[in-house]
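A.B. asks: Quick one: structure below, then a few questions.
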Amino acid sequence: MKFIKFLAVAALTALPGVAQAQWYMGADAGVNFLQDSDLKSDAFNNDMKVGNDTGYAVQMHGGYGFKASSFGTPRLEGELAYRSSGLKSLTDIDGKLSGHTSSLSLMANGVYQFLPKSKWHPFVGVGIGMSRIGVDWKSPNGKLVDDTDIVFAYQGFAGVSYDIAKNWELSAQYRYFGTQDPEFKDTDSDKVKGEYSSHAILAGFTYKFRK
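Next up, the structure:
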């Protein structure tokens, strides 16, 4: 909570410099590690365990970078991201499993980028938004679950960017992403309640629309 207040204060103190603010946009891609999770189903008395394969994440972002102080630059941005991970295992289900779990999210982020006079810029950020969680799981006997749910989402991230040219930055970052527990219907119309929590390592670029 203290960190969120810090970002808000940093953004507000930069408002007198809005006339010198710059737009920016960028994209990132990398590996996504969806945590193994518990699954509650009306069809089973005990919780089931879901195992996930390593997947991928891609995202686009764009926003404002406000006037920099000697300490750093606050940013406000929007982000569209997609994550997908394959189904690896499911308790009490025999045979080869297939399918995936996906997340399509729309987020609003607050970012603070440090060391404005250096070519290297560490940064931290937090975000909130919504995510469409989809599951498409199959066993040798057919589909198990094929459904979606839209839930509240949140994230935190940290990384470093490097100025490769006047308008271009390359970056690398770690990102944690989680959601409210999604609920689905299986092929027998029984309610299924899951979890979504992931870690990603991303590399990307940002283009700044400087004059």
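Here the sequence shown stands for residues -21 to -1, 1 to 190, where the numbers follow mature numbering (1 follows the signal peptide of the UniProt record, and there is no 0). Ideal Cβ positions, reconstructed from N, Cα and C, are used throughout, including at glycine. Every value quoted in this text rests on a predicted model; they were computed, and no experiment measured them.
Going straight from the alpha carbon of residue -8 to that of residue 18, what length do you get?
C.D. replies: By one-based count along the sequence shown, residue -8 stands at place 14. By one-based count along the sequence shown, residue 18 stands at place 39. Confidence is the limiting factor: at residue -8 the pLDDT is only 40, short of 50, which leaves the residue's position unreliable, though a coordinate-based value still follows. Roughly 45 Å between the two C-alpha positions.
A.B. asks: Pick out whichever of 120, 42, 129, 176 has its Cα sitting closest to the Cα of residue 87.
C.D. replies: Here the question's residue 87 lines up with position 108 in the sequence shown. Residue 42 is the option with its Cα nearest to residue 87.
A.B. asks: Alpha carbon to alpha carbon, how far is residue 66 from residue 175?
C.D. replies: Position 87 of the sequence shown, counted from the first residue, corresponds to residue 66. Position 196 of the sequence shown, counted from the first residue, corresponds to residue 175. Distance between the alpha carbons of residue 66 and residue 175 is about 13 Å.
A.B. asks: Measuring alpha carbon to alpha carbon, tell me which residue in 171, 187, 183 is nearest residue 24.
C.D. replies: For the purposes of this step, residue 24 is taken as residue 45 along the sequence shown, with counting starting at 1. Taking only the C-alpha atoms, the option nearest residue 24 is 171.
A.B. asks: Given a cut-off of 8 Å on the beta-carbon distance, is the pair residue 11 and residue 34 in contact?
C.D. replies: As a first step, residue 11 must be located in the sequence shown, where it is residue number 32. As a first step, residue 34 must be located in the sequence shown, where it is residue number 55. The answer is yes: Cβ separation under 8 Å.
A.B. asks: What is the C-beta distance between residue 178 and residue 140, in whole angstroms, given that I count them as a contact (C-beta under 8 Å)?
C.D. replies: For this step, residue 178 is matched to residue 199 along the sequence shown. For this step, residue 140 is matched to residue 161 along the sequence shown. No, residue 178 and residue 140 are not in contact; Cβ-Cβ is about 20 Å, not under 8 Å.
A.B. asks: To the nearest angstrom, report how far apart residue 84 and residue 147 are at their CA atoms.
C.D. replies: Within the sequence shown, numbered from 1, the residue matching residue 84 stands at position 105. Within the sequence shown, numbered from 1, the residue matching residue 147 stands at position 168. Roughly 25 Å between the two C-alpha positions.
A.B. asks: With burial defined as no fewer than 16 other Cβ atoms inside 10 Å of the residue's Cβ, what is the status of residue 121: buried or exposed?
C.D. replies: In the sequence shown, the residue the question calls residue 121 occupies position 142. Exposed: under 16 other Cβ atoms inside 10 Å.
A.B. asks: Are there 16 or more other CB atoms within 10 angstroms of the CB of residue 136, so buried, or fewer, so exposed?
C.D. replies: As a first step, residue 136 must be located in the sequence shown, where it is residue number 157. Residue 136 should be labelled buried.
A.B. asks: Would you decide whether residue 107 is buried or exposed? Buried here means 16 or more other CB atoms lie within 10 Å of its CB.
C.D. replies: Here residue 107 corresponds to residue number 128 of the sequence shown, with the count starting at 1. Under this definition residue 107 is an exposed residue.
A.B. asks: Let's test the definition: count the other Cβ atoms within 10 Å of the Cβ of residue 143 and tell me whether it reaches 16, buried, or not, exposed.
C.D. replies: Along the sequence shown, one-based indexing puts residue 143 at 164. When all chains shown are included, residue 143 counts as exposed.
A.B. asks: By the DSSP assignment, the beta strand (DSSP E) with residue 74 in it spans what residues?
C.D. replies: Here the question's residue 74 lines up with position 95 in the sequence shown. No beta strand (DSSP E) contains residue 74, which DSSP labels as neither H nor E.
A.B. asks: Taking only the alpha-carbon atoms, compute the straight-line gap between residue 102 and residue 149 and give it to the nearest angstrom.
C.D. replies: Along the sequence shown, read from residue 1 onward, the residue named residue 102 stands at position 123. Along the sequence shown, read from residue 1 onward, the residue named residue 149 stands at position 170. Each residue's Cα considered, the two are about 12 Å apart.
A.B. asks: Hey, out of 173, 118, 90, whose CA is closest to residue 3's CA?
C.D. replies: If you number the sequence shown from 1, residue 3 lands on position 24. It is 90.
A.B. asks: Can you tell me the Cα-Cα spacing of residue 92 and residue 189, whole angstroms?
C.D. replies: To locate residue 92, count along the sequence shown from 1; it is residue 113. To locate residue 189, count along the sequence shown from 1; it is residue 210. Approximately 17 Å between the Cα atoms of the pair.
A.B. asks: Tell me whether residue 24 sits in a helix, a strand or coil according to DSSP, three-state version.
C.D. replies: As a first step, residue 24 must be located in the sequence shown, where it is residue number 45. Residue 24 falls in the coil class under three-state DSSP.
A.B. asks: So residue 184 and residue 60 are supposed to be a Cβ contact under 8 Å. How far apart are they, rounded?
C.D. replies: Here residue 184 refers to the residue found at position 205 of the sequence shown. Here residue 60 refers to the residue found at position 81 of the sequence shown. Contact doesn't hold; Cβ gap of about 16 Å is too wide.
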